[in-house]
Amino acid sequence: MPNAAVVVIGDVGHSPRTANHALSLAEERGYDVFLIGYAESALNERIANHKRIRVVPLPAPPTLPLPELANLVWRFAWTAVVLFLTLIFRVGWSLNIVLVQNPPALPALIVAWMASRLRDARFVVDWHNYTWSMLAERWAIGEEQMGAEMWEDSDAVRAEKRRKRVGGGRASYVRLTHWLEGRMGRAADSALCVSAAMAADLKRRWAVQAEVFYDRPPQWKFGPSVSLATKHSLFTRLAEDAAKRGDTETLKMLSGEEGGQGETFFSTTTRSREVWLRKERPLIVMSSTSWTPDEDFSILLQAVVEYERRVQQQKKEEKEK
Numbered sequence: 191m192p193n194a195a196v197v198v199i200g201d202v203g204h205s206p207r208t209a210n211h212a213l214s215l216a217e218e219r220g221y222d223v224f225l226i227g228y229a230e231s232a233l234n235e236r237i238a239n240h241k242r243i244r245v246v247p248l249p250a251p252p253t254l255p256l257p258e259l260a261n262l263v264w265r266f267a268w269t270a271v272v273l274f275l276t277l278i279f280r281v282g283w284s285l286n287i288v289l290v291q292n293p294p295a296l297p298a299l300i301v302a303w304m305a306s307r308l309r310d311a312r313f314v315v316d317w318h319n320y321t322w323s324m325l326a327e328r329w330a331i332g333e334e335q336m337g338a339e340m341w342e343d344s345d346a347v348r349a350e351k352r353r354k355r356v357g358g359g360r361a362s363y364v365r366l367t368h369w370l371e372g373r374m375g376r377a378a379d380s381a382l383c384v385s386a387a388m389a390a391d392l393k394r395r396w397a398v399q400a401e402v403f404y405d406r407p408p409q410w411k412f413g414p415s416v417s418l419a420t421k422h423s424l425f426t427r428l429a430e431d432a433a434k435r436g437d438t439e440t441l442k443m444l445s446g447e448e449g450g451q452g453e454t455f456f457s458t459t460t461r462s463r464e465v466w467l468r469k470e471r472p473l474i475v476m477s478s479t480s481w482t483p484d485e486d487f488s489i490l491l492q493a494v495v496e497y498e499r500r501v502q503q504q505k506k507e508e509k510e511k
């Protein structure tokens, strides 16, 4: 039976894409899967109780009163040792695939590459984002300050970047991270990424060839099976909770303009307790992404506002006909 190690240096319970990789390898390819990461929250029962998936928890690095850069070095060293020992001694001897989620790149990619070579396994990177860009965002370091060289840069462009780059300190750390991340990316046997734009950037930046593997919610968790009555009940309970807290703004939003008994902002009930959708109801959007500086959720909000403007304009034009 083939074995695979699926690694995320984060909470496994909050890493649905990684968990889905483990499930796909187990159910569609017949692998015995070792799902490696921090066991900080509960996994879905379908994964936790799967006969071919075993969760291998990583001990988190102890918190020490250190300066930021020193703390990064400490966490790097701790994670490197713990992950290496796990991949060598805790996942059985036969290993065919080591699949790692990135970020964080360091030290996960380096350790996974070393272990895969020692174990004669394929080394696969799943790209969500870049570690170097997250550090640059946190420390407000622009690409010009960092001066990172890309695979497709000409000699003249490289020389210009070296002239303008900032030396020492955090900029040098981000630049080193950029170089190591790209080096490990090119060392991978295969690569996945979350979008076509990222695939193009990986090729341009580091000559990494990645297959696009879009994020999709699992059908067993976000399927179309939720009934209208269940949705109505959810928003009714949320409105009741808001009323108990005295949160009138949220209560008004959830109950709709009429705010009657058995009313929500998108559904209503008849005397026979049947649930019906409101004709004038808002669109409810659920997103799988977070709202962080490098994932600008406001783009979606702007699109919703523009959509609303166009709908109202269309209705106005129809009335005037």
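Numbering of the sequence shown is given in the numbering used here, commencing with residue 191 and proceeding in unit increments.
Heads up, the beta-carbon is just placed ideally off N, CA and C, and yes, glycines get one too.
Just so we're clear, the structure is a prediction, and the values are computed from it rather than from any experiment.
{"Asked": "Close Cβ partners of residue 440 (< 7 Å) along its chain, the five nearest in sequence each way excluded", "Found": "432"}
{"Asked": "Element boundaries [alpha helix (DSSP H), containing residue 212]", "Found": "206-218"}
{"Asked": "Selected residue, minimal CA-CA separation from residue 247, among 259, 430, 228, 233", "Found": "228"}
{"Asked": "Residue 353 classed as buried or exposed, judged by whether at least 16 other C-beta atoms fall within 10 angstroms", "Found": "exposed"}
{"Asked": "Pick from 386, 242, 458 that is closest to residue 194, judged by C-alpha positions", "Found": "242"}
{"Asked": "Where residue 487 sits in the DSSP three-state scheme", "Found": "coil"}
{"Asked": "DSSP-derived helix/strand/coil call for residue 497", "Found": "helix"}
{"Asked": "8 Å Cβ cutoff met for residue 292 and residue 312", "Found": "no"}
{"Asked": "Whole alpha helix (DSSP H) elements within the segment 237-309, 4-residue minimum", "Found": "258-279, 298-309"}
{"Asked": "Backbone secondary structure at residue 341 - three-state DSSP", "Found": "coil"}
{"Asked": "N- and C-terminal bounds of the beta strand (DSSP E) containing residue 380", "Found": "380-383"}
{"Asked": "Rounded straight-line distance, which links the Cα of residue 369 to that of residue 396", "Found": "9 Å"}
{"Asked": "Three-state secondary structure assigned by DSSP to residue 401", "Found": "strand"}
{"Asked": "CA-to-CA distance, residue 456 to residue 319, given in whole angstroms", "Found": "36 Å"}
{"Asked": "Straight-line gap, residue 466 to residue 420 (C-alpha atoms, nearest Å)", "Found": "12 Å"}
{"Asked": "For residue 226, the residue or residues it bridges with in DSSP", "Found": "197, 246"}
{"Asked": "Exposed unless 16 or more other CB atoms sit within 10 angstroms - verdict on residue 257", "Found": "exposed"}
{"Asked": "CB contact flag (residue 335, residue 355, <8 Å)", "Found": "yes"}
{"Asked": "Cβ-based neighbour list, residue 372, same chain, cut-off 6 Å, excluding 5 preceding and 5 following", "Found": "396"}
{"Asked": "Per-residue DSSP class, three states only, for residue 457", "Found": "strand"}
{"Asked": "Own chain partners of residue 394 with C-beta closer than 8 Å, once the 5 adjacent residues on each side are dropped", "Found": "340, 341, 342"}
{"Asked": "Distance, residue 464 Cα to residue 507 Cα", "Found": "34 Å"}
{"Asked": "Contact under 8 Å by Cβ, residue 211 with residue 316", "Found": "yes"}
{"Asked": "Helix, strand or coil at residue 473 according to DSSP, with G and I counted as helix", "Found": "coil"}
{"Asked": "Endpoints, alpha helix (DSSP H) assigned at residue 437", "Found": "Element bounds for residue 437: n/a, residue is neither H nor E."}
{"Asked": "For residue 299 and residue 367, believed in contact at Cβ under 8 Å, the rounded distance", "Found": "Incorrect: roughly 11 Å between the Cβ atoms, too far for contact."}
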